[in-house]
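S.K.: Each residue of the sequence shown is one higher than the last, beginning at 171 in our numbering.
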Amino acid sequence: MKKKFCPNCGHLLKQDADFCPNCGFKVHSKKQKANQRVNHTQRVQQISKKRKSKLGIVIASCILLLLVGGITGFYFYNQHNDQAAVTAHSKKGTKKKHSTVEKNTDKNKDSQNKDYSNAIWMLMGYMAYARKNYENGQNVTSTSELVDAVVKDFKDDTLTATKKSSTTYNVSNDYGDVDVEVKPSEVKVTNDGTTVTPKSELKEIFNKYTTKISPVVKKIAGETDGGVKATSNTSSTKKNAKSSKADGTFSNEEMVVAAYLDEFSGDTPKDKINNIKAILEKDNSDVSKIPTDDYISGLYSHTYKGKPYYSIASNVATSHYKIVYLNGDSDQYTTQIVAPGISIDEDRYKKNKSKADLVKKFKPYQQEINEILNEIKNNKDRLPSIIDEQTKQVEKESKSESNKKDSDEDEKNTDDSSDEPEDTNDTDEDTDADY
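This is the structure:
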């Protein structure tokens with residue numbers, strides 16, 4: 171057995187001694203060492219367990235944090251996507267809304283033009299233009315009374331409207347005529363001046379009276395039934411009540427020119443056309459060369475005793491003209507000459523003729539009839555300036571003649587004065603004599 175010594179002083183110790191008897195140093199026994207090893211192992215195990223426990227807690231905490239973070243991130247991600255989706259949908263809806271508003275605006279603008287036919291717009295524009303005349307002349311005090319008065323005048327043929335093109339009309343009465351043009355957003359009336367009224371304003375004023383206005387439209391060429399356009403694509407255009415039954419494809423104005431040509435000089439329709447063209451060619455010459463008594467000065471439309479008629483004047487003064495009554499739907503038209511000394515009341519100068527025969531005779535020359543019609547209208551447009559220029563020429567000639575006359579009189583007076591006898595009585599002579 172190995173001897174046991176004190177690690178401090180080297181004194182020999184007994185095997186089971188716990189303290190050195192020499193120096194008192196505490197000496198560990200094997201049992202204590204074993205216990206110490208056991209305790210150390212337990213402590214290490216406890217520490218290991220504690221470390222493992224802490225590590226588990228840390229890991230669990232990390233996992234928990236990851237889970238919480240993932241859930242939170244997923245929540246916010248979904249919220250963001252939902253918000254983005256809502257925003258995108260909102261933007262899309264806003265765009266769609268704006269687009270719808272724009273489309274509705276365009277539709278409203280288009281419907282403004284589609285709600286009424288051009289004849290309705292024309293009548294509205296004319297009523298706005300003529301309102302003051304009716305207020306002063308017929309004591310009209312409201313829009314309703316104005317519409318009633320205008321409709322009555324059209325029904326009585328005191329007012330007549332002639333369609334010149336798809337958008338232009340001529341409205342006339344005994345006092346004159348005006349041109350009415352229907353534009354996309356306004357209606358323009360031209361006489362001595364120009365009156366322009368927006369369609370939006372006309373619609374606001376006259377919208378409730380379209381039912382009253384509609385019957386008038388049936389008397390105007392080329393308009394749909396009643397004047398208010400049908401929404402169906404199958405809507406058909408009815409024949410103008412003012413057009414004649416037998417005119418075929420002739421308009422009212424073409425019929426009037428054909429009737430005027432038929433009584434013009436010439437053996438054949440072609441001869442008559444050539445003769446009138448020769449006169450129109452002279453009419454287009456210099457003002458000083460225009461024949462005042464042979465100038466086709468325009469086509470006019472009027473009414474007499476409630477009966478509408480057209481006339482073509484054949485001189486600058488428009489005192490000579492031929493009247494043409496188309497007589498509505500009658501198969502006959504009537505011509506009449508009016509001139510100084512020949513009144514419109516004189517029936518002896520009236521001639522009734524067949525519309526069908528007239529159309530048959532001049533249908534092959536319809537293009538030339540239109541050319542003549544345009545020349546006559548051009549002459550009418552030029553007439554005011556021609557009259558003005560000719561008036562100036564007359565005044566100039568009159569002034570020149572007057573100056574010449576004054577000059578001749580002055581010259582005569584000078585000659586008369588030179589022929590007087592010389593006065594030989596010298597009153598200044600000295601009569602005193604020196605005796």
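Built from N, CA and C at the ideal position, the CB exists for glycine as well.
Taking 8 Å as the threshold, find out whether the stretch 342-352 comes into contact with the stretch 436-448 through three or more Cβ pairs.
M.R.: With a cut-off of 8 Å, the stretch 436-448 and the stretch 342-352 do not count as touching, because too few Cβ pairs lie within range.
S.K.: Secondary structure at Ser-572, three-state DSSP: helix, strand or coil?
M.R.: Taking the sequence shown and counting its residues from 1, the one referred to as residue 572 is at position 402. Three-state DSSP puts Ser-572 in a helix.
S.K.: Please tell me whether Ala-483 and Tyr-495 are closer than 7 Å, where the distance is taken between their beta carbons.
M.R.: Working through the sequence shown from its first residue, we reach residue 483 at position 313. Working through the sequence shown from its first residue, we reach residue 495 at position 325. Taking 7 Å as the Cβ cut-off, Ala-483 and Tyr-495 do not qualify as a contacting pair.
S.K.: Measuring CB to CB, does Met-297 end up less than 7 Å from Val-320?
M.R.: Locating residue 297 in the sequence shown gives position 127, where the first residue counts as 1. Locating residue 320 in the sequence shown gives position 150, where the first residue counts as 1. Yes, they are a contact pair.
S.K.: Mapping the DSSP letters down to three states, classify Ile-512 as helix, strand or coil.
M.R.: Mapped onto the sequence shown, residue 512 falls at position 342. Ile-512: strand per DSSP, three-state reduction.
S.K.: For Gly-468, report the span of its beta strand (DSSP E) as first-last.
M.R.: The residue given as residue 468 occupies position 298 in the sequence shown. Taken as a continuous stretch (DSSP letters only), the beta strand (DSSP E) holding Gly-468 covers 468-474.
S.K.: In three-state terms, what does DSSP make of Thr-311?
M.R.: As a first step, residue 311 is located in the sequence shown; it is residue number 141 there, counting from the start. In this structure, Thr-311 counts as coil in the three-state DSSP scheme.
S.K.: Can you say whether Lys-333 is buried or exposed, counting buried as having 16 or more other CB atoms within 10 angstroms of its CB?
M.R.: Mapped onto the sequence shown, residue 333 falls at position 163. Classification of Lys-333: buried, given that the 10 Å Cβ count is 16 or more.
S.K.: If I measure Cβ to Cβ from Ile-446 and keep anything under 7 Å in the same chain, skipping five residues before and after, which residues do I get?
M.R.: As a working mapping, residue 446 is identified with position 276 in the sequence shown. The answer, listed in chain order, is Leu-431, Phe-434, Ile-542.
S.K.: Quick check on Phe-376: buried or exposed, where buried means 16 or more other Cβ atoms within 10 Å of its Cβ?
M.R.: Numbered from its first residue, the sequence shown carries residue 376 at position 206. The residue in question, Phe-376, is buried, as its Cβ has 16 or more Cβ neighbours within 10 Å.
S.K.: Runs of 3 residues minimum, wholly inside the stretch 314-369: which ones carry the beta strand (DSSP E) assignment?
M.R.: Qualifying beta strand (DSSP E) stretches, in chain order: 330-333, 338-343, 346-352, 356-360, 364-368.
S.K.: For Thr-364, which residues from the same chain have a beta carbon less than 7 Å from its beta carbon, with the 5 sequence-adjacent residues on both sides left out?
M.R.: Walking along the sequence shown from the start, residue 364 turns up at place 194. Excluding residues within five positions, the ones whose Cβ falls inside 7 Å are Lys-358.
S.K.: Helix, strand or coil for Pro-439? Go by DSSP, reduced to three states.
M.R.: By 1-based counting over the sequence shown, the position of residue 439 is 269. In this structure, Pro-439 counts as helix in the three-state DSSP scheme.
S.K.: Do you know whose CA, among Gly-498, Phe-324, Ser-342, lies nearest Val-386's CA?
M.R.: The sequence position of residue 386 within the sequence shown is 216, counting from 1. Ranking Gly-498, Phe-324, Ser-342 by Cα distance to Val-386 puts Phe-324 first.
S.K.: So what does DSSP say about Ile-390, is it helix, strand or coil?
M.R.: The residue labelled residue 390 in the question sits at position 220 within the sequence shown. Three-state result, Ile-390: coil.
S.K.: What does the alpha-carbon distance come out to for the pair Met-292 and Tyr-339?
M.R.: As a position in the sequence shown, residue 292 is number 122, starting the count at 1. As a position in the sequence shown, residue 339 is number 169, starting the count at 1. Cα-Cα distance, rounded: 7 Å.
S.K.: Just to check my reading of the structure: Gln-506 and Lys-525 have Cβ atoms closer than 8 Å, yes? What is that Cβ distance to the nearest angstrom?
M.R.: As a first step, residue 506 is located in the sequence shown; it is residue number 336 there, counting from the start. As a first step, residue 525 is located in the sequence shown; it is residue number 355 there, counting from the start. That belief does not hold up - the Cβ atoms of Gln-506 and Lys-525 are roughly 16 Å apart, past 8 Å.
S.K.: My output table needs one value for Leu-496: the three-state DSSP class, helix, strand or coil.
M.R.: Locating residue 496 in the sequence shown gives position 326, counting from the first residue. If DSSP states are grouped into helix, strand and coil, Leu-496 belongs with coil.
S.K.: From Ala-509, Ser-314, Ser-336, pick the residue whose C-alpha is nearest to that of Thr-381; which is it?
M.R.: In the sequence shown, residue 381 corresponds to position 211, counting from 1. For Thr-381, the nearest C-alpha among the options comes from Ser-314.
S.K.: Got a sec, what are the start and stop residues for the alpha helix (DSSP H) Ala-487 sits in?
M.R.: Within the sequence shown, numbered from 1, the residue matching residue 487 stands at position 317. That residue, Ala-487, is in no alpha helix (DSSP H); it is neither H nor E in DSSP.
S.K.: Nearest to Ser-481 by CA position, among Lys-475, Thr-488, Tyr-470, Tyr-503, is which residue?
M.R.: As a first step, residue 481 must be located in the sequence shown, where it is residue number 311. Nearest of Lys-475, Thr-488, Tyr-470, Tyr-503 to Ser-481, Cα basis: Tyr-470.
S.K.: If distances are taken between C-alpha atoms only, which option among Ile-512, Ala-509, Lys-523 comes closest to Ser-500?
M.R.: Translated into positions along the sequence shown, residue 500 becomes position 330. Out of Ile-512, Ala-509, Lys-523, Lys-523 has the C-alpha closest to the C-alpha of Ser-500.
S.K.: On the three-state DSSP scale, how would you describe Cys-179?
M.R.: The residue you call residue 179 lines up with position 9 of the sequence shown. Cys-179 falls in the coil class under three-state DSSP.
S.K.: Residues in its own chain within less than 7 Å of Tyr-474 by CB, not counting five upstream and five downstream?
M.R.: Here residue 474 refers to the residue found at position 304 when the sequence shown is read from its first residue. So the qualifying residues of the chain are Ile-514.
S.K.: Assign Ala-300 to buried or exposed, taking buried as 16 or more other Cβ atoms, counted over all protein chains shown, within 10 Å of its Cβ.
M.R.: By one-based count along the sequence shown, residue 300 stands at place 130. Buried, by the Cβ-count rule.
S.K.: Candidates Ser-467, Ala-509, Pro-478, Thr-488: which alpha carbon is nearest Asn-544's?
M.R.: On the sequence shown, position 374 is the one that residue 544 refers to. Nearest option by C-alpha distance: Ser-467.
S.K.: For Phe-189, list the residues DSSP reports as bridge partners.
M.R.: Here residue 189 is taken as the residue at index 19 of the sequence shown, counted from 1. Note: Phe-189 sits in a beta bridge opposite Lys-196.
S.K.: So for Ser-524, helix, strand or coil by DSSP?
M.R.: The sequence position of residue 524 within the sequence shown is 354, counting from 1. In this structure, Ser-524 counts as strand in the three-state DSSP scheme.
S.K.: Thr-337 to Met-294, Cα distance in whole Å?
M.R.: Working through the sequence shown from its first residue, we reach residue 337 at position 167. Working through the sequence shown from its first residue, we reach residue 294 at position 124. When rounded, the distance between both Cα atoms is 14 Å.
S.K.: What residue range does the alpha helix (DSSP H) around Asn-422 cover?
M.R.: Residue numbering aside, residue 422 sits at position 252 when the sequence shown is read from its first letter. From DSSP, the alpha helix (DSSP H) with Asn-422 extends over 422-432.
S.K.: Going by C-alpha to C-alpha distance, which of Gln-563, Val-427, Glu-451 sits closest to Lys-531?
M.R.: As a position in the sequence shown, residue 531 is number 361, starting the count at 1. Taking only the C-alpha atoms, the option nearest Lys-531 is Val-427.
S.K.: Taking a contact to mean a Cβ-Cβ separation below 7 Å, would you say Ile-546 touches Glu-424 in this structure?
M.R.: Numbered from its first residue, the sequence shown carries residue 546 at position 376. Numbered from its first residue, the sequence shown carries residue 424 at position 254. For Ile-546 and Glu-424, no; Cβs fall outside 7 Å.
S.K.: DSSP beta-bridge partners for Gln-506?
M.R.: To locate residue 506, count along the sequence shown from 1; it is residue 336. Ile-493, Lys-520, per the DSSP bridge assignment.
S.K.: Taking only the alpha-carbon atoms, compute the straight-line gap between Thr-188 and Asn-178 and give it to the nearest angstrom.
M.R.: Here residue 188 refers to the residue found at position 18 of the sequence shown. Here residue 178 refers to the residue found at position 8 of the sequence shown. The sequence shown places Asp at residue 188, rather than the Thr named in the question. So the two alpha carbons sit approximately 13 Å from each other.
S.K.: Please classify Leu-225 as buried or exposed, where buried requires at least 16 other C-beta atoms within 10 Å of its C-beta.
M.R.: If you number the sequence shown from 1, residue 225 lands on position 55. That one is exposed.
S.K.: Just how far apart, CA to CA, sit Thr-668 and Asn-485?
M.R.: Residue numbering for the chain in the displayed model covers 171 to 605; residue 668 lies beyond these limits and cannot be assessed.
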